[in-house]
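So the protein lines, in turn, are chains A and B.
Heads up, the first sequence is in the working numbering, so the first residue is 51 and it goes up one at a time.
Heads up, the second sequence is in the working numbering, so the first residue is 20 and it goes up one at a time.
Structure record follows, encoded as structure tokens.
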Amino acid sequence: MISSVLVANRGEIARRVFATCRKLDLATVAVFSEVDAGSAHARDGDATVHVPSYLEGAALIDAARRAGADAIHPGYGFLAENAAFARAVLDAGLIWVGPSPEAIEAMGNKIAAKKLMAAAGVPVLDDVDPDAVVALPVIIKAAAGGGGRGMRIVRDMRELRQQVESARAEAASAFGDPTVFCEPYLEGCRHIEIQVLADQYGNVWTLGERECSIQRRHQKVIEETPSPLVERYPEMRERLFDAARAAASAIGYVNAGTVEFLADEQGRFFFLEMNTRLQVEHPATEAVTGVDLVRWQLRIADGVGLDAVAPPPSGHAIEVRLYAEDPARGWQPQSGTVHRLDVPGITAEFAPTRGLRLDAGVVAGSTVGTHYDPMLAKIVAWAPTRVEAAATLANALARAKLHGPRTNRDLLVRVLRHPAFLAGRTDTAFLDHHDVSAPLAADVNLAALAAALADAAANQARAHVRVPPGWRNVPSQLHRKRYDGIDVDYRITRAGLEGPPGVRLLTATPEDVVLEVDGVQRHFEIATYPEMVCVDSPLGAVTLVPIGRFRDAGPPVPAGSLLAPMPGTVVRIAVKRGDVVQHGQPLLWLEAMKMEHVIAAPHPGVVAELRVDAGQQVDVGTLLAVIAEEDA
Amino acid sequence: MTALASTVDTRSAVFAANRDAMLAKLSEIESEHAKAVAGGGPDYTARHHRRGKLLARERIELLVDPDSPFLELSPLAAWGSDFTVGASVVTGIGVVEGVECVIVANDPTVRGGTSNPWTLRKTLRANDIALQNRLPLIGLVESGGADLPTQKEIFIPGGRLFRDLTRLSAAGIPTVAVVFGNSTAGGAYLPGMSDHVVMIRERSKVFLGGPPLVKMATGEESDDESLGGAEMHARVSGLADYLAADEPDAIRLARRIVTRLNWRKLGPAPGPADDPRYDEEELLGIVPPDLRTPFDPRDVIARVVDGSDFDEFKPRYGASLVTGWARVHGYPIGILANSQGVLFSGESQKATQFIQLANQSDTPLLFLHNTTGYMVGAQYEQGGIIKHGAMMINAVSNSGVPHISILMGASYGAGHYGMCGRAYDPRFLFTWPSAKSAVMGPAQLAGVLSIVARAAAEARGAPYDEDADATMRAAVERQIEAESLPMFLSGRLYDDGVIDPRDTRTVVGLCLSAIHSAAVRGTTAYGVFRP
Chain A
51 MISSVLVANR GEIARRVFAT CRKLDLATVA VFSEVDAGSA HARDGDATVH
101 VPSYLEGAAL IDAARRAGAD AIHPGYGFLA ENAAFARAVL DAGLIWVGPS
151 PEAIEAMGNK IAAKKLMAAA GVPVLDDVDP DAVVALPVII KAAAGGGGRG
201 MRIVRDMREL RQQVESARAE AASAFGDPTV FCEPYLEGCR HIEIQVLADQ
251 YGNVWTLGER ECSIQRRHQK VIEETPSPLV ERYPEMRERL FDAARAAASA
301 IGYVNAGTVE FLADEQGRFF FLEMNTRLQV EHPATEAVTG VDLVRWQLRI
351 ADGVGLDAVA PPPSGHAIEV RLYAEDPARG WQPQSGTVHR LDVPGITAEF
401 APTRGLRLDA GVVAGSTVGT HYDPMLAKIV AWAPTRVEAA ATLANALARA
451 KLHGPRTNRD LLVRVLRHPA FLAGRTDTAF LDHHDVSAPL AADVNLAALA
501 AALADAAANQ ARAHVRVPPG WRNVPSQLHR KRYDGIDVDY RITRAGLEGP
551 PGVRLLTATP EDVVLEVDGV QRHFEIATYP EMVCVDSPLG AVTLVPIGRF
601 RDAGPPVPAG SLLAPMPGTV VRIAVKRGDV VQHGQPLLWL EAMKMEHVIA
651 APHPGVVAEL RVDAGQQVDV GTLLAVIAEE DA
Chain B
20 MTALASTVDT RSAVFAANRD AMLAKLSEIE SEHAKAVAGG GPDYTARHHR
70 RGKLLARERI ELLVDPDSPF LELSPLAAWG SDFTVGASVV TGIGVVEGVE
120 CVIVANDPTV RGGTSNPWTL RKTLRANDIA LQNRLPLIGL VESGGADLPT
170 QKEIFIPGGR LFRDLTRLSA AGIPTVAVVF GNSTAGGAYL PGMSDHVVMI
220 RERSKVFLGG PPLVKMATGE ESDDESLGGA EMHARVSGLA DYLAADEPDA
270 IRLARRIVTR LNWRKLGPAP GPADDPRYDE EELLGIVPPD LRTPFDPRDV
320 IARVVDGSDF DEFKPRYGAS LVTGWARVHG YPIGILANSQ GVLFSGESQK
370 ATQFIQLANQ SDTPLLFLHN TTGYMVGAQY EQGGIIKHGA MMINAVSNSG
420 VPHISILMGA SYGAGHYGMC GRAYDPRFLF TWPSAKSAVM GPAQLAGVLS
470 IVARAAAEAR GAPYDEDADA TMRAAVERQI EAESLPMFLS GRLYDDGVID
520 PRDTRTVVGL CLSAIHSAAV RGTTAYGVFR P
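Below you can see the structure in the form of structure tokens.
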């Protein structure tokens with residue numbers, strides 16, 4: 051019997067597993083890496099152990115031993131699908147909350163797994179030898195890969211060779227195995243997956259499907275169940291269930307797993323891979339079935355058998371992944387302090403609910419760094435119908451107070467409100483074909499005005515004498531407050547607000563401002579932090595970066611300087627000081643959040659300075675190199 | 020809590036008429052203020068901007084804390100003279116990095132920022148305010164020096180400018196000079212005498228003698244930069260403590276200097292403050308346009324003091340002068356306000372006692388003027404009105420607590436003195452547009468002249484020319500009326516500015532806060548009282 055569980059993971063999934071453990075009266079052990087010291091998940095555990103990395107199996111097992119844990123839950127990612135780790139856990143006499151190492155291995159190599167599945171009668175796409183591609187488009191995948199990492203779509207034969215090579219290099223560095231393979235790429239397909247639960251006695255539940263077609267960079271952003279596509283074809287669900295059951299049975303699978311398929315609009319589907327672990331998007335299934343999947347994971351690991359019949363699903367659930375990223379700038383990961391993360395109407399955290407669920411890896415005060423995935427939280431809405439679930443979720447997101455790094459919130463809301471999404475037209479190219487990049491707030495200037503007036507009220511409250519803000523007996527000009535991209539010119543006089551035409555100031559405090567625009571009252575809530583001002587209103591949330599009145603007197607940046615566009619790690623450097631470089635020539639590669647970013651020469655010249663080494667962590671704005679223009 | 024009840028009927032025709040008259044006067048004042056703001060006019064302003072320079076008021080706006088108040092002083096200086104309204108300099112009290120400072124900024128769009136006699140008086144007044152109230156002084160310097168045609172009025176008294184700077188420093192009051200452009204010849208001593216000096220690369224020019232003068236004096240060939248450039252002063256002479264890249268950078272440096280003053284106010288901090296119970300807007304309708312009609316100053320007090328809370332002292336004695344205790348923006352004050360215009364012996368004795376009480380409790384005093392002066396007539400002379408008026412003037416003169424005077428209506432004769440007129444060194448003196456101040460009312464003055472002339476004619480046995488008398492009286496009345504009006508008085512620096520009555524609470528609050536930068540101490544030392 052399990053009595054104490056170590057979660058070999060971090061963030062929301064660690065907190066998620068802890069929540070169920072507490073309900074089952076199990077003790078919990080959290081592990082944390084250096085940068086996660088004091089983070090929300092580390093504080094959540096009954097006992098907390100520092101580990102050098104979430105990838106160091108021996109340290110994790112040692113932590114379990116020292117803290118008295120008798121079971122290890124791997125969460126997802128990190129070592130969740132590492133058979134060697136699973137084996138080491140078992141060898142240490144601990145309970146592994148997951149499938150057998152053999153099952154993990156069977157699905158670990160994508161090429162081998164596909165063969166196995168084909169033999170079991172599961173539909174698969176043909177492999178294409180990367181060196182013998184004849185028909186395009188194809189997708190290149192790493193044999194040992196997962197999570198979308200390193201996948202490349204090739205539509206032009208001239209690019210094939212180079213793409214294959216770079217995929218191999220990335221696979222080698224990321225997974226320690228350079229093997230890649232190609233598959234025909236299905237344009238506009240759907241990602242459908244089946245949640246399975248299997249006990250040690252041969253019972254397999256198929257707990258409905260999830261559709262996860264809305265993706266960016268091959269990574270899921272919105273997941274839902276049931277699938278709008280599957281709903282359209284009456285027998286498709288049963289065929290998917292049969293295939294999933296066959297897949298699980300073929301490898302003697304035990305515990306929670308997910309069988310992933312690609313499906314086309316005609317309802318045909320092909321095996322993609324099996325994830326031998328709990329999925330990020332498992333709460334969607336929990337919402338419609340009421341099943342606590344982690345509870346079953348622990349019970350199955352304890353030898354409990356499944357009931358004969360899986361609980362039937364009802365209603366519709368949609369999950370969104372709230373990321374600290376900038377969709378407008380290539381999904382660039384964002385870092386910084388999360389000052390506030392409040393989603394209105396939450397009915398449960400880390401547990402199934404017929405309402406709104408929040409699984410957050412961060413709390414107010416958490417820091418989002420560059421070391422790990424920038425997902426802040428998952429929010430799941432359940433409703434009797436799909437349209438209602440989408441509306442509930444969109445509304446909660448739109449009104450959420452998210453103060454901190456830039457997020458994909460506005461994009462999520464725009465997707466959830468998009469007619470094509472609401473009509474169930476949700477293929478994997480959704481974000482390529484629909485422009486949902488516009489911010490929700492139509493009038494950023496009004497929000498900036500509210501922020502300026504709140505700041506004026508705050509300055510007034512701090513003043514020696516509480517006279518009207520910016521009072522002048524001889525007025526000569528408007529006051530100016532500057533935010534990144536917006537100047538607000540205003541003055542508060544006895545007669546009211548002067549400056550923006552058509553706007554009246556009704557009340558202003560440091561936190562609340564009410565403006566009247568064309569006779570309509572608009573209420574703004576303002577939160578001020580050292581590096582940002584967050585303005586929340588039903589008109590859309592706006593985050594403003596205040597610009598000081600004076601330039602900081604830092605040293606000037608020399609011409610031709612290349613600054614790190616984001617925080618990350620320098621992975622490779624292709625040049626050395628004194629090299630002559632051409633325009634656009636790659637100089638070095640920065641890795642941030644599973645993506646490699648090329649830093650290229652902005653113009654022909656000589657590498658005058660190279661300020662970083664491979665492996666070095668850099669902050670945004672760090673001077674990487676200086677390319678001096680060559681004299682004619 | 021002793022809340023005042025308002026006697027103002029805001030729906031009455033009298034209130035409306037008073038208000039209309041006040042608004043008309045205010046709009047005249049505002050158009051004169053606009054002249055000061057316009058400085059040298061659109062052409063010079065545009066030229067100044069084209070050179071990448073900020074206007075005097077733009078420099079001040081950048082210098083003071085965001086959304087902080089700025090109390091401009093003497094904006095109407097030089098009104099009625101040959102010089103531009105405002106006297107080519109902007110002075111005032113602003114908050115820099117949380118520190119209330121006196122700011123003096125030359126307006127280089129007006130005749131190159133040259134100083135005329137009014138510029139000098141306005142600047143000296145600002146220096147006095149800095150010294151009396153212990154306020155750091157920041158000079159935003161860009162001046163072509165003295166206005167040469169009027170040098171006789173400037174050169175000799177102007178030496179005080181430099182003396183003031185070092186006396187401020189000696190008194191522990193920091194002085195900062197930010198040199199935006201020319202500050203040459205005598206002007207070179209502005210940075211020279213300041214504690215902290217910021218100069219701007221390729222902009223500041225500070226030397227005793229320019230290249231032509233040097234050539235004449237010694238034959239040496241030189242240029243502006245080597246004689247007085249910012250780089251030279253920062254690297255070679257050491258006159259500049261900080262070298263700024265441009266104007267905003269210079270202002271940034273000035274703010275950093277103030278931050279590092281580690282300034283602490285010496286006066287007690289204010290308590291909590293409630294707003295008055297009555298709308299300050301109603302202050303427009305209290306003073307009648309004809310100052311012969313009295314008004315109750317409690318209606319003004321009720322709209323100025325915290326919570327309209329006023330504990331009146333000796334309400335039944337000497338009732339023509341209202342005295343009592345209140346707070347403004349949390350600062351305790353004693354108030355003396357004329358009620359029926361005339362000061363009798365009782366009022367004078369009451370005022371004397373009240374001023375002494377304020378000095379015992381270190382409480383600043385606010386004088387609200389509406390007086391026609393001390394009572395005349397045999398009964399009052401025999402009753403000792405001179406002695407009693409003298410007592411009051413003695414108390415006012417020697418009082419150690421800070422005084423603020425507001426001229427609401429009349430401020431005539433020795434009443435102006437007893438109520439702490441300009442010559443009695445109130446820390447601040449502001450005027451409402453409705454105010455008038457002179458030795459006596461225009462009609463009275465003309466009448467006195469007429470009686471004297473008539474008596475002289477009679478003594479000579481000459482016939483008295485009644486037509487000429489009427490003409491003389493009309494002319495004198497016009498002249499005295501014009502010379503007793505706020506703009507005229509403000510132009511001659513007899514006040515610190517004409518304010519909107521609705522701003523009274525704000526202005527008094529800002530003054531009290533500035534005043535409390537220094538310690539607030541009463542005195543026990545007075546001249547000999549004649550009881």
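Built from N, CA and C at the ideal position, the CB exists for glycine as well.
Source: prediction; values computed, not measured.
Think of a sphere of 7 Å around the beta carbon of L90 of chain B: the chain A residues whose beta carbon falls inside it are N523, in chain order. Pairing G634 of chain A with I677 of chain A, the inter-Cα distance amounts to about 12 Å. Boundaries of the alpha helix (DSSP H) around I276 of chain B: 266-278. DSSP places Y483 of chain B outside both helix and strand once states are collapsed to three, so it counts as coil. When DSSP states are grouped into helix, strand and coil, L528 of chain A belongs to the coil group.
Restricting attention to alpha helix (DSSP H) runs no shorter than 4 residues, the stretch 123-201 of chain A encloses them at 133-141, 151-158, 160-169, ordered along the chain. Rounded to the nearest whole angstrom, the C-alpha separation of Q245 of chain A and V254 of chain A is 10 Å. Not a single C-beta of chain B is nearer than 7 Å to the C-beta of G598 of chain A. Collapsing the DSSP output to three states places F225 of chain A in a helix. Within the same chain, and ignoring the five residues on either side of P295 of chain B in sequence, the residues whose Cβ sits closer than 8 Å to its Cβ are A321, R322, V323, V324, D325, G326, S327, R524. Counting along the chain, no alpha helix (DSSP H) covers Q384 of chain A, and no H or E run does either. Taking a Cβ-Cβ cut-off of 7 Å, the neighbours of L81 of chain B in chain A comprise R599, given in sequence order. Apart from sequence neighbours up to five positions away, the residues of its chain that approach I396 of chain A with a beta-carbon distance below 6 Å are L406, L408, ordered along the chain.
Between the alpha carbons of G480 of chain B and A409 of chain B lies a distance of about 39 Å. Taken in chain order, the unbroken stretches of alpha helix (DSSP H) that lie wholly in the stretch 115-167 of chain B and span 4 residues or more are 136-152.
DSSP, read as helix, strand or coil, puts Q359 of chain B in coil.
E369 of chain A is bridged by DSSP to A:E273, A:V430. Legend: CB atoms of the stretch 519-543 of chain B lying less than 9 Å from CB atoms of chain A belong to residues D519, R521, D522, R524, T525, V526, G528, L529, L531, S532, A533, H535. Taking 7 Å as the upper bound on Cβ-Cβ separation, chain B lies near no residue of the stretch 420-431 of chain A. For R283 of chain B, no Cβ of chain A is located within less than 7 Å of the residue's own Cβ. Listed by position along chain B, the residues whose Cβ is nearer than 7 Å to that of P519 of chain A are D86.
For C232 of chain A, DSSP records a beta bridge to A:V178, A:I190. For G402 of chain B, same chain residues with a beta-carbon under 7 Å away, outside a window of 5 residues either side, are S364 in chain order. Residue burial annotation: S53 of chain A is exposed, with fewer than 16 other C-beta atoms found within 10 angstroms of its C-beta. As computed with DSSP, E646 of chain A is found in a beta bridge with A:E641. In its chain, beyond the 5 residues on either side, V361, L362, F363, I404 have a beta carbon closer than 7 Å to the beta carbon of M394 of chain B.
Boundaries of the beta strand (DSSP E) around F321 of chain A: 319-325. In this structure L144 of chain A touches A121 of chain A by the C-beta definition: roughly 6 Å separates them, less than 8 Å. One Cα belongs to F321 of chain A, the other to E315 of chain A, and the distance between them is close to 16 Å. Among the bridge pairs identified by DSSP, R390 of chain A is matched with A:H453. Under the Cβ criterion of 7 Å, A506 of chain A is counted among the residues facing chain B.
Contact annotation: V420 of chain B and Y443 of chain B have beta-carbon atoms that are not nearer than 7 Å. Below the 7 Å Cβ cutoff, chain A contributes no neighbours of E116 of chain B, its closest Cβ being approximately 12 Å away.
If you look at N37 of chain B, you'll find it in the alpha helix (DSSP H) that goes 32-57. For the stretch 346-375 of chain B, the set of positions with a beta-carbon nearer than 8 Å to some beta-carbon of chain A reads H348 in chain order.
Beta-carbon to beta-carbon, V198 of chain B and V225 of chain B are separated by about 6 Å, close enough to satisfy the 8 Å threshold.
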